[in-house]
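J.: Chains as they are written, first to last, in the numbering used here: chain S, 140 to 524; chain C, 140 to 524.
For glycine and all other residues, C-beta sits at the position ideal for the given N, C-alpha and C.
These numbers come from a predicted model, not from an experiment.
2 protein chains.
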Amino acid sequence: MENFTFHNPVKVLFGKNQIAQINQEIPKDKRVLIVYGGGSVVKTGVLQRVKDALENEVVFEFGGVEANPHYETLMRAVEIVKSEKIDFLLAVGGGSVIDGTKFIAAAAMYEGDTWEIVKSYGSVVKAALPIGCVLTIAATGSEMNNVSVVTKAETKDKLFFGSPFVLPKFSVLEPEITFTLPQNQTANGVVDAFIHILEQYVTYPVNAKIPDRFAEALLKTLKEEGPKALVTPDDYDARANIMWSATMALNGILATGTPADWATHMIGQEITGLYGLDHAQTLAIVLPALWKFCKADKSAKLAQYAANVWDIPSAEEDVMADKAIEITVDFFESMGLKTHLADYGLGEEIIPHVVEKLRAHGHVNIGEKQKITAESAAEILKLAL
Amino acid sequence: MENFTFHNPVKVLFGKNQIAQINQEIPKDKRVLIVYGGGSVVKTGVLQRVKDALENEVVFEFGGVEANPHYETLMRAVEIVKSEKIDFLLAVGGGSVIDGTKFIAAAAMYEGDTWEIVKSYGSVVKAALPIGCVLTIAATGSEMNNVSVVTKAETKDKLFFGSPFVLPKFSVLEPEITFTLPQNQTANGVVDAFIHILEQYVTYPVNAKIPDRFAEALLKTLKEEGPKALVTPDDYDARANIMWSATMALNGILATGTPADWATHMIGQEITGLYGLDHAQTLAIVLPALWKFCKADKSAKLAQYAANVWDIPSAEEDVMADKAIEITVDFFESMGLKTHLADYGLGEEIIPHVVEKLRAHGHVNIGEKQKITAESAAEILKLAL
Numbered sequence: 140m141e142n143f144t145f146h147n148p149v150k151v152l153f154g155k156n157q158i159a160q161i162n163q164e165i166p167k168d169k170r171v172l173i174v175y176g177g178g179s180v181v182k183t184g185v186l187q188r189v190k191d192a193l194e195n196e197v198v199f200e201f202g203g204v205e206a207n208p209h210y211e212t213l214m215r216a217v218e219i220v221k222s223e224k225i226d227f228l229l230a231v232g233g234g235s236v237i238d239g240t241k242f243i244a245a246a247a248m249y250e251g252d253t254w255e256i257v258k259s260y261g262s263v264v265k266a267a268l269p270i271g272c273v274l275t276i277a278a279t280g281s282e283m284n285n286v287s288v289v290t291k292a293e294t295k296d297k298l299f300f301g302s303p304f305v306l307p308k309f310s311v312l313e314p315e316i317t318f319t320l321p322q323n324q325t326a327n328g329v330v331d332a333f334i335h336i337l338e339q340y341v342t343y344p345v346n347a348k349i350p351d352r353f354a355e356a357l358l359k360t361l362k363e364e365g366p367k368a369l370v371t372p373d374d375y376d377a378r379a380n381i382m383w384s385a386t387m388a389l390n391g392i393l394a395t396g397t398p399a400d401w402a403t404h405m406i407g408q409e410i411t412g413l414y415g416l417d418h419a420q421t422l423a424i425v426l427p428a429l430w431k432f433c434k435a436d437k438s439a440k441l442a443q444y445a446a447n448v449w450d451i452p453s454a455e456e457d458v459m460a461d462k463a464i465e466i467t468v469d470f471f472e473s474m475g476l477k478t479h480l481a482d483y484g485l486g487e488e489i490i491p492h493v494v495e496k497l498r499a500h501g502h503v504n505i506g507e508k509q510k511i512t513a514e515s516a517a518e519i520l521k522l523a524l
Numbered sequence: 140m141e142n143f144t145f146h147n148p149v150k151v152l153f154g155k156n157q158i159a160q161i162n163q164e165i166p167k168d169k170r171v172l173i174v175y176g177g178g179s180v181v182k183t184g185v186l187q188r189v190k191d192a193l194e195n196e197v198v199f200e201f202g203g204v205e206a207n208p209h210y211e212t213l214m215r216a217v218e219i220v221k222s223e224k225i226d227f228l229l230a231v232g233g234g235s236v237i238d239g240t241k242f243i244a245a246a247a248m249y250e251g252d253t254w255e256i257v258k259s260y261g262s263v264v265k266a267a268l269p270i271g272c273v274l275t276i277a278a279t280g281s282e283m284n285n286v287s288v289v290t291k292a293e294t295k296d297k298l299f300f301g302s303p304f305v306l307p308k309f310s311v312l313e314p315e316i317t318f319t320l321p322q323n324q325t326a327n328g329v330v331d332a333f334i335h336i337l338e339q340y341v342t343y344p345v346n347a348k349i350p351d352r353f354a355e356a357l358l359k360t361l362k363e364e365g366p367k368a369l370v371t372p373d374d375y376d377a378r379a380n381i382m383w384s385a386t387m388a389l390n391g392i393l394a395t396g397t398p399a400d401w402a403t404h405m406i407g408q409e410i411t412g413l414y415g416l417d418h419a420q421t422l423a424i425v426l427p428a429l430w431k432f433c434k435a436d437k438s439a440k441l442a443q444y445a446a447n448v449w450d451i452p453s454a455e456e457d458v459m460a461d462k463a464i465e466i467t468v469d470f471f472e473s474m475g476l477k478t479h480l481a482d483y484g485l486g487e488e489i490i491p492h493v494v495e496k497l498r499a500h501g502h503v504n505i506g507e508k509q510k511i512t513a514e515s516a517a518e519i520l521k522l523a524l
């Protein structure tokens with residue numbers, strides 16, 4: 140078991156009718172900018188419920204944050220924050236809206252070129268506006284962590300940053316809000332959360348039993364409840380179990396004493412940045428290919444995963460590892476996620492471009508053993524054709 | 140799945156050589172009172188390591204906090220806090236020292252009769268001195284929660300209070316510190332943590348899959364690693380897995396969306412208060428008796444526990460429940476904890492006294508269904524003879 144620091148002060152308000160409580164979480168008389176996305180929160184009435192709850196605050200709105208939020212869009216929100224003297228940000232949306240709000244919070248208090256926030260991985264951030272969240276999709280876990288992913292549309296650079304200053308003060312998780320999600324978004328969310336767990340779990344054994352077993356607990360829950368939510372979108376317990384799993388998947392608990400991979404995310408992010416595929420779509424393509432490429436290094440944990448999550452009967456480690464990869468691909472496909480680049484009309488021609496971006500971003504020597512070079516990424520992408 | 144609020148801002152520094160970091164966690168020039176227990180931290184050198192780390196602070200010491208810390212002792216520390224203008228408390232010890240430090244932190248800033256802090260269950264607490272912890276035994280989980288148990292020696296009242304103001308700012312968890320614990324303290328700690336989990340897990344099903352599976356993860360880890368630590372006290376991974384399990388057992392994660400019992404604790408506390416048994420000893424006596432008494436209400440979860448934690452082959456629910464009770468008793472006994480009042484020379488004569496204390500403290504209609512009356516407590520104690 141490795142040393143670790145765990146610190147997650149985000150307050151989670153979970154269940155039915157939680158939005159009404161946000162008034163107690165935001166100090167009176169704050170000038171609040173509500174940040175949201177494409178308008179589904181208007182249609183579903185969630186935005187109105189939020190505004191109704193903010194009885195004692197001065198409320199402004201900024202809509203139109205796109206999936207994989209654009210730096211250019213977010214900088215327009217920063218202008219409003221400054222001109223309207225906003226002192227609290229309330230993200231109402233999914234991972235993209237929350238990630239975007241984290242960037243706005245840091246950029247509004249940063250002197251200088253705000254792209255440095257992202258380029259420095261967040262190390263230049265020394266202050267940020269306070270943030271609250273009302274989550275509308277179970278997926279990224281952004282509602283309970285300090286990470287944000289932002290895309291510069293101009294250069295197609297999709298990059299993450301992290302800072303304790305952008306940790307939300309609170310996050311409202313109402314499973315019922317997710318009843319009306321389009322099926323593909325539900326599926327994307329489940330697969331995204333599933334892969335967040337795998338990135339922290341399928342590495343090599345260090346005898347850290349709690350993160351291992353917690354990872355297995357969350358994976359089993361998502362594999363059971365994910366399909367239910369597709370068939371019965373208003374199954375409250377399925378939605379609640381998925382939502383809390385997705386949050387727990389990336390709130391630091393699974394990183395308590397274990398190594399982590401994250402190479403699938405690094406490679407997948409470049410594909411989204413360049414070709415616009417959904418985040419979860421890229422992960423479902425890259426992960427199985429990466430596992431095939433790194434099987435020797437990961438076989439002990441792949442076998443453990445096969446046994447403990449999928450109840451694969453005991454066999455040789457290598458056989459178990461193969462079965463783990465196979466059954467994971469089947470699960471993604473059963474959720475409606477494709478697992479090959481060709482499924483999206485992409486072929487070998489993309490490989491040099493993805494590799495070039497990885498090199499430009501310094502994302503080489505990645506993975507839990509820092510062994511995945513730019514050349515390995517090219518090999519992995521070949522396995523993903 | 141039930142609604143819940145989760146909020147735990149305690150920073151955990153876990154692993155080897157973590158004490159050196161506390162200097163960065165306590166603001167410079169603070170006047171720090173180190174609170175400790177019976178002197179084992181002097182012998183083991185832990186106290187010296189802590190003092191060496193506090194380079195930029197003014198350090199005072201208060202030793203002699205007993206197991207089940209006495210109000211009377213803690214009030215002497217409050218005097219020192221006031222006379223020396225202490226503005227940071229550093230608990231170096233186990234659950235009793237940390238609980239005591241929480242009381243000192245609240246009492247030092249409370250005007251009026253400080254026993255009201257306990258009598259009000261903490262509701263009168265509106266401020267407290269900041270607290271840090273260096274944990275020396277894996278057991279109570281006090282290092283990552285807002286609860287404290289204090290005993291008034293004069294009246295033999297052992298009572299808990301809770302307040303967000305007494306949450307530690309940070310807790311240092313070094314598994315190596317626990318290598319030198321006496322075997323009975325290691326065993327007490329494992330059983331205490333085990334029962335903290337059971338109090339939140341063995342109630343009735345509400346389809347909250349994450350706290351259920353997390354509980355099972357922690358229980359399995361403790362049942363595997365507990366015996367190892369008794370045989371090989373310096374097994375680092377065993378100690379580390381136990382330590383993180385005990386902290387996770389009572390940091391709020393297991394209460395996310397589930398009912399909780401806590402009647403075993405309520406009854407056990409009166410026995411410690413009146414007769415001085417160790418906390419874990421009383422729990423190991425009361426829990427199996429309470430389960431027998433409440434079997435009909437708890438059988439679904441007892442059967443789930445038997446299957447998922449102890450791999451008991453599937454059978455009728457009632458049979459599974461009986462086996463769950465039996466195997467739990469065997470586990471406690473194998474760890475060296477006795478499970479009957481008679482093992483400590485106590486008999487039927489204690490029952491009216493325990494029941495009287497429960498009544499006096501308003502601890503009637505307890506348990507997850509508020510069904511355990513004073514009369515039921517008497518029946519439970521009969522089953523524990």
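Less than 7 Å separating the beta-carbons of residue 398(S) and residue 507(S)?
T.: Yes. Within cutoff.
J.: Is the distance from the Cβ of residue 411(S) to the Cβ of residue 207(S) below 7 Å?
T.: Result yes, Cβ atoms of residue 411(S) and residue 207(S) sit closer than 7 Å.
J.: Could you tell me which chain S residues have their CB closer than 9 Å to the CB of residue 352(C), listed as they occur along the chain?
T.: In chain order: 352, 353, 355, 356, 357, 359 and 360.
J.: Please give the ranges of any alpha helix (DSSP H) in the segment 229-304 of chain S, keeping only runs that are unbroken, at least 4 residues long and fully inside the region.
T.: The qualifying runs are 234-246 and 254-258.
J.: Name, going along the chain, the residues of the segment 378-393 of chain S whose beta-carbon falls closer than 9 Å to a beta-carbon of chain C.
T.: Hits within the stretch, in order: 379, 380, 383, 384, 387 and 392.
J.: Span of the beta strand (DSSP E) holding residue 384(C)?
T.: Per DSSP, residue 384(C) belongs to no beta strand (DSSP E); it is in the alpha helix (DSSP H), 375-387.
J.: Please name the residues in the segment 167-195 of chain S whose beta-carbon is closer than 7 Å to at least one beta-carbon of chain C, in chain order.
T.: Correct list: empty, as no residue qualifies.
J.: Roughly how many angstroms separate the alpha carbons of residue 543(S) and residue 489(S), rounded to a whole number?
T.: Outside the modelled stretch of chain S, which goes from 140 to 524, sits residue 543(S), for which no answer is possible.
J.: Just grab the DSSP bridge partners of residue 170(C) for me.
T.: In DSSP, residue 170(C) forms a bridge with 197(C).
J.: Comparing alpha-carbon positions, which option in 220(S), 229(S) and 301(S) lies nearest residue 162(S)?
T.: Taking only the C-alpha atoms, the option nearest residue 162(S) is 229(S).
J.: Identify each residue in the segment 320-347 of chain S for which the Cβ-Cβ distance to at least one residue of chain C is less than 7 Å, and report them in chain order.
T.: Per Cβ criterion, the list reads 346.
J.: Which word fits residue 187(C), buried or exposed, when buried means at least 16 other C-beta atoms lie within 10 angstroms of its C-beta?
T.: Label assigned to residue 187(C): exposed.
J.: Check distances from the C-beta atoms of the segment 142-159 of chain S to those of chain C and list, in chain order, the residues that come in under 9 Å.
T.: Cβ contacts with chain C: 142, 143, 144, 145, 146, 147, 148, 149, 150, 151, 152, 153, 154, 155, 156 and 157.
J.: For residue 359(C) and residue 449(C), what's the separation of their Cα atoms in angstroms?
T.: Roughly 8 Å between the two C-alpha positions.
J.: How would you list, in chain order, the residues of chain S whose beta-carbon sits under 8 Å from the beta-carbon of residue 396(C)?
T.: Here the neighbours are 153, 154, 379 and 383.
J.: Is DSSP giving residue 213(S) helix, strand or coil here?
T.: Three-state result, residue 213(S): helix.
J.: Would you report the Cα separation of residue 219(C) and residue 183(S), rounded to the nearest angstrom?
T.: Straight-line Cα distance between these residues: approximately 59 Å.
J.: Does any C-beta atom of chain S lie closer than 7 Å to the C-beta of residue 270(C)?
T.: It does not: the Cβ of residue 270(C) has no partner Cβ on chain S nearer than 7 Å.
J.: Under the three-state reduction of DSSP, which class applies to residue 560(C): helix, strand or coil?
T.: Because residue 560(C) is not part of the residues shown, which for chain C are 140 to 524, the question remains open.
J.: Please report the straight-line C-alpha distance between residue 495(C) and residue 261(S), rounded to a whole angstrom.
T.: So the alpha carbons of these two residues sit roughly 59 Å apart.
J.: In chain order, what residues of the same chain lie with their CB nearer than 7 Å to the CB of residue 270(C), ignoring the 5 residues before and after it?
T.: Excluding residues within five positions, the ones whose Cβ falls inside 7 Å are 228, 230, 240, 241, 244, 305, 307 and 308.
J.: How about residue 349(S): is its C-beta nearer than 7 Å to some C-beta of chain C?
T.: Yes, because at least one Cβ of chain C sits closer than 7 Å to the Cβ of residue 349(S).
J.: In angstroms with no decimal places, state the Cα-to-Cα distance between residue 168(C) and residue 175(C).
T.: Whole-angstrom Cα-Cα distance: 21 Å.
J.: I'd like to know if residue 283(C) contacts chain S, where contact means its C-beta is closer than 7 Å to some C-beta of that chain.
T.: Judged by the 7 Å Cβ criterion, residue 283(C) is not in contact with chain S.
J.: Could you check which residue in 292(C), 193(C) and 180(C) has the C-alpha nearest to that of residue 211(C)?
T.: Closest option to residue 211(C), Cα to Cα, is 292(C).
J.: Taking residue 310(S) as the reference, give the member of 204(S), 383(S), 401(S) and 434(S) with the closest Cα.
T.: Closest option to residue 310(S), Cα to Cα, is 383(S).
J.: Of all the CB atoms in chain S, is at least one closer than 7 Å to the CB of residue 373(C)?
T.: Chain S, which has no Cβ nearer than 7 Å to the Cβ of residue 373(C), makes this no.
J.: What separation, rounded to the nearest whole angstrom, lies between the Cα atoms of residue 266(S) and residue 266(C)?
T.: Distance between the alpha carbons of residue 266(S) and residue 266(C): 26 Å.
J.: Please identify the residue among 250(S), 264(S) and 237(S) whose C-alpha is closest to the C-alpha of residue 279(S).
T.: With distances taken between Cα atoms, residue 279(S) lies closest to 237(S).
J.: What in chain C is Cβ-close to residue 248(S), meaning under 8 Å?
T.: Result: empty, since nearest Cβ-Cβ is about 22 Å, beyond 8 Å.
J.: Short of 8 Å in beta carbon distance, which residues of its chain neighbour residue 150(C), apart from the five on each side in sequence? Order them along the chain.
T.: Within the same chain, residue 150(C) has close Cβ partners 164, 308, 309 and 310.
J.: Per DSSP, residue 151(S) is paired with what?
T.: Beta-bridge pairing links residue 151(S) to 310(S) and 145(C).
J.: List the residues of chain S whose Cβ lies closer than 7 Å to the Cβ of residue 450(C), in chain order.
T.: Within 7 Å Cβ-Cβ: nothing; residue 450(C) doesn't reach chain S, min ~13 Å.
J.: What residues in its chain sit with their C-beta under 6 Å from that of residue 377(S), if we drop five residues either side in the sequence?
T.: Closer than 6 Å at Cβ, skipping near neighbours: 364, 367 and 368.
J.: Can you name, in chain order, every residue of its own chain whose Cβ lies under 8 Å from the Cβ of residue 437(S), other than the five neighbours on each side?
T.: So the list reads 341, 342, 343, 430 and 460, once near-sequence residues are dropped.
J.: Could you tell me which residues DSSP puts in a beta bridge with residue 511(C)?
T.: 505(C).
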